[in-house]
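Have a look at the structure below, then the notes.
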């Protein structure tokens, strides 16, 4: 007996040591994978931006030259025609109409509108559409996926590349953000025993965040407060109309969006995931319990098909407990369950030892007797 | 519904087990079949109807809020254009007829006028409410905000696609947009996720049927795909969880996008690739808005395509993404996290890892170790391989449970140790 306990304690010590070693190792591993994930996402966005600039830049330059040339010829034509005294007023009107529709056609392309905008709104005439910062904004809003559409790829090659880029990047960033979100939610939830308070915290954070962002954008750009709040909300919900464009540093904007989207994801995870499950299983009165029961049942089946009724039933009971433990929490145990398909007797919920060892002993004794 | 059948079909031993368990029924008291189905279907139908009415109501509200503004903006813009045009024509006519100005001066003046006109044109374009048709023919029916486009707008708003080709610009419209999105986005998300979940269950079921048919396996496949998230332990995988391959998921997604590309390009005058690009940007809810459908007759079909596509995307994330998120999250710290998790059992706090260890011990002892033992005899039930012999293994189980429980209870509770070690003394 005493030897046994010694052995046991030795074993336990060994285990603990191993656990500690494992712990530090796994901690390293854990930290590494999270950092690697973040790094990969950041690098993905950055290099994606470089590639898009590389792909779109020549196209943009060519397009700008074409539009500017067209505009010049249009204006020159109109000028020469309109200031010549030899044409009638009707002809002049007709010319002006022609000019109007031509200009509209020109504006109606992304490059054209950009050129007109830079041409009229401010003096810096050759402002590029595809710079590194705008491309970073483009790639990050593609993978997040807000998709403002301030600038979009035009050439077929880069459009194809967007599809491939998104197909890989969107899941990658989704996973990264979910991972970061898990960290945040774990950080908050560790202080509380129930989920009600964290949910409230996240809901209020979600309510405050767009307002904070709105104030921020309002202060550092010339947006009105209402517009800035509207922009923040449209951004963090990943709607991204792109009708407003605050002229802030891309890094701040991306950071703001990422944080906001993570916040939204967590909140939805907290509130909606439960709700979805509820709705999904609503009406299937047994719902989760039935699944649980069937799972446990199959486990029991595969474990002990025919190992004597007593032991089998004990196993089944303990399995039921295990299933309940791993699946349900305190609240679920307390909650009244009317429609449960399988209801293990909870009144004698206990460690399986007291009951089990007695039963097992009995079965063993009976075995020996045989 | 598939889910429902699925559970039935894989519980072959239900009756005997039920009997053994004091006739406790595994199914809830039976009720009419239609009632059962109604109870299952009603919440979903209700949710879809609620979302639908929310979208339609929102569309009406946006239409009412934005339409007058659009009209006034357009009227103003067209008036500006017309005025500038008249002035240009009149003044040029005047100057030319008077003949007082020199050619140079004339050119300069004309340049200024043309520049002005171009700027006005651009400003008009910048409101997004005026296009070339409006200028050429003022009575043309080219409203941007119609009920159908408002419907398109609210759907793309709530699904967070946000093309941005049509946006509220009035103060009230934007305010309403904030409140509307705040409640509507989660609602539509839940609805779409609900549809997606239904789809994913069916896909899982179909795939399992296909899988078991091809593999010829008759193991009970009980675990649902989405159940796996509760068990980071990979050992549970062996219990019949069939992972749906990523390639299949990607193929479904791409196939749906291709179908959409073909359909859209047929009625939107796009080439196939533009349709593909549009579908992809939509399904991923990126929504640049550089290519948007314009054929208003097909808007409703477009909307259906988008909603179903989003459900499929959600399904894909449900089937694949969640797995990876959990995998990465639990990578290296499956135990560490669970170590601090306590569950309350009958008033006692129990560590989760201990339970997990218990499970793994059970599995090691009685798992599939002897699964390939074939017993020949006159009558061999097909599950014979699972049957254990009572002799040794049950004894081993006593020991293992004793060890486990003494580990579990630690040194603190000698009472259990004594009890647990009892079998050894027999």
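Residue numbers (full-length UniProt numbering), protein chains in the order written: chain A, 1 to 370; chain B, 1 to 426.
Glycine included, each C-beta is placed from N, C-alpha and C at the ideal position.
On a predicted model such as this, the values are computed, not experimentally measured, just so you know.
### Query
Which residue's Cα is closest to the Cα of residue 127 of chain B: B:105, B:153, B:74?
Of all alpha-carbon atoms in B:105, B:153, B:74, the one lying nearest the alpha-carbon of residue 127 of chain B is that of B:74.
### Task
Using three-state DSSP, classify residue 102 of chain B as helix, strand or coil.
In this structure, DSSP gives residue 102 of chain B a state outside helix and strand, which the three-state scheme calls coil.
### Query
Pick from B:294, B:295, B:278, B:206: whose alpha carbon is nearest that of residue 288 of chain B?
Looking at the Cα atoms, B:278 is the closest of the given residues.
### Task
Give a yes or no on contact between the region 61-69 of chain B and the region 205-213 of chain B, applying the rule of three or more CB pairs nearer than 8 Å.
Using a Cβ-Cβ distance cut-off of 8 Å, the region 61-69 of chain B and the region 205-213 of chain B are not in contact, since fewer than three pairs of beta carbons, one from each stretch, lie closer than that value.
### Message
What does the alpha-carbon distance come out to for the pair residue 236 of chain A and residue 75 of chain A?
### Response
The straight-line gap from Cα to Cα measures roughly 43 Å.
### Query
If you measure from the beta carbon of residue 111 of chain B to each beta carbon in chain A, is any gap under 8 Å?
At least one chain A Cβ lies under 8 Å of residue 111 of chain B.
#### Entry: Among A:188, A:218, A:216, nearest to residue 266 of chain A - alpha-carbon criterion
Selected option, being the one with the closest Cα: A:188.
### Query
Quick one: which chain B residues come within Cβ less than 8 Å of residue 96 of chain A?
From the beta-carbon of residue 96 of chain A, the residues of chain B found nearer than 8 Å are 85, 88, 89, 117.
### Task
Check the Cβ of residue 152 of chain B against every Cβ in chain A and list those closer than 8 Å, keeping chain order.
Neighbours of residue 152 of chain B on chain A: none; closest Cβ ~13 Å, over 8 Å.
### Task
Report back the beta-carbon spacing between residue 405 of chain A and residue 142 of chain A to the nearest angstrom; my notes put them in contact at under 8 Å.
No statement about residue 405 of chain A is possible, as the shown extent of chain A runs from 1 to 370 and does not include it.
#### Entry: Any chain A beta carbon closer than 8 Å to residue 75 of chain B
The Cβ of residue 75 of chain B sits no closer than 8 Å to any Cβ of chain A.
### Task
Return the first residue and the last residue of the alpha helix (DSSP H) that residue 214 of chain A is part of.
That run of the alpha helix (DSSP H) goes 196-220.
#### Entry: Rounded straight-line distance, which links the Cα of residue 294 of chain B to that of residue 82 of chain A
The straight-line gap from Cα to Cα measures roughly 36 Å.
### Supposed close pair residue 59 of chain B, residue 151 of chain B - CB separation, criterion 8 Å
Cβ-Cβ separation between residue 59 of chain B and residue 151 of chain B: approximately 4 Å, consistent with a contact (criterion under 8 Å).
### Query
Taking C-alpha atoms, which residue in B:246, B:264, B:269, B:153 lies nearest to residue 57 of chain B?
Residue nearest to residue 57 of chain B within the set B:246, B:264, B:269, B:153 is B:153 (criterion: CA-CA distance).
### Query
Shorter than 8 Å from the beta carbon of residue 109 of chain A to some beta carbon of chain B?
By this cut-off, residue 109 of chain A is not an interface position.
### Query
Taking the alpha carbon of residue 55 of chain B as the point to measure from, which residue in B:247, B:315, B:111, B:181 has its own alpha carbon closest?
Selection B:247, B:315, B:111, B:181 evaluated against residue 55 of chain B yields B:181 as nearest (Cα-Cα).
### Query
Could you give the C-beta distance for residue 145 of chain A and residue 156 of chain B, rounded to a whole number, given that I count them as a contact under 8 Å?
With a Cβ gap of about 13 Å, residue 145 of chain A and residue 156 of chain B do not count as contacting.
### Limits of the alpha helix (DSSP H) - the one that residue 139 of chain A falls within
Looking at the DSSP string, the run of the alpha helix (DSSP H) that includes residue 139 of chain A is 132-143.
### Query
In chain B, which residues lie less than 7 Å from residue 131 of chain A when you measure between Cβ atoms?
Neighbours of residue 131 of chain A on chain B: none; closest Cβ ~18 Å, over 7 Å.
### Query
What does residue 120 of chain A touch in chain B if you count any residue whose Cβ is under 7 Å from its own?
Near residue 120 of chain A (Cβ distances below 7 Å), the residues of chain B are 119, 122.
### Task
Give a yes or no on whether the minimum CB-CB distance between residue 174 of chain B and chain A is below 8 Å.
Output row for residue 174 of chain B: interface = yes.
### Task
Please classify residue 264 of chain A: does DSSP put it in a helix, a strand, or coil?
Residue 264 of chain A falls in the helix class under three-state DSSP.
### Message
Could you tell me the alpha carbon to alpha carbon distance between residue 128 of chain A and residue 161 of chain B, rounded to whole angstroms?
### Response
Spanning the two alpha carbons is a distance of roughly 27 Å.
### Query
Hey, is residue 290 of chain B's beta-carbon within less than 8 Å of any beta-carbon in chain A?
Chain A contact via Cβ: present.
#### Entry: Contacting residues, own chain, Cβ-Cβ under 7 Å from residue 246 of chain B (five flanking each side not counted)
The beta carbon of residue 246 of chain B lies closer than 7 Å to those of 320 in the same chain, with the five residues before and after it left out.
### Query
Are residue 213 of chain A and residue 164 of chain B close, meaning C-beta to C-beta below 8 Å?
It is not a contact, given that the beta carbons lie outside the stated cut-off.
### Task
Kindly say whether residue 107 of chain B, judged by its beta-carbon, lies nearer than 8 Å to any beta-carbon of chain A.
Judged by the 8 Å Cβ criterion, residue 107 of chain B is in contact with chain A.
### Message
Quick check: is the beta carbon of residue 171 of chain B nearer than 8 Å to any beta carbon in chain A?
### Response
Interface residue, yes.
### Query
What does residue 92 of chain A touch in chain B if you count any residue whose Cβ is under 8 Å from its own?
Going along chain B in sequence order, the residues near residue 92 of chain A (Cβ under 8 Å) are 89, 92, 93.
### Query
Which of helix, strand or coil does DSSP assign to residue 245 of chain A?
Looking at residue 245 of chain A - three-state DSSP - the assignment turns out to be coil, as it is neither helix nor strand.
### Query
Out of curiosity, what's the CA-to-CA distance linking residue 31 of chain A and residue 49 of chain A?
Roughly 27 Å separates the two Cα atoms.
#### Entry: Beta-carbon proximity of residue 147 of chain A to residue 240 of chain A, cut-off 8 Å
Annotated as proximal: residue 147 of chain A and residue 240 of chain A, with beta-carbon spacing under 8 Å.
### Task
Kindly say whether residue 287 of chain A, judged by its beta-carbon, lies nearer than 8 Å to any beta-carbon of chain B.
For residue 287 of chain A, the predicted model reports a pLDDT of 43, less than 50, meaning its position is unreliable; a value from the coordinates is still stated below. Residue-level contact check: residue 287 of chain A does not touch chain B, since none of the beta carbons of chain B fall below 8 Å from its beta carbon.
### Query
Closer than 8 Å, CB to CB, is residue 48 of chain A near chain B or not?
Not an interface residue.
### Message
When you compare the CB positions of residue 63 of chain B and residue 122 of chain B, do they come within less than 8 Å of one another, or not?
### Response
Between residue 63 of chain B and residue 122 of chain B, the C-beta gap is not smaller than 8 Å, which leaves the two residues out of contact.
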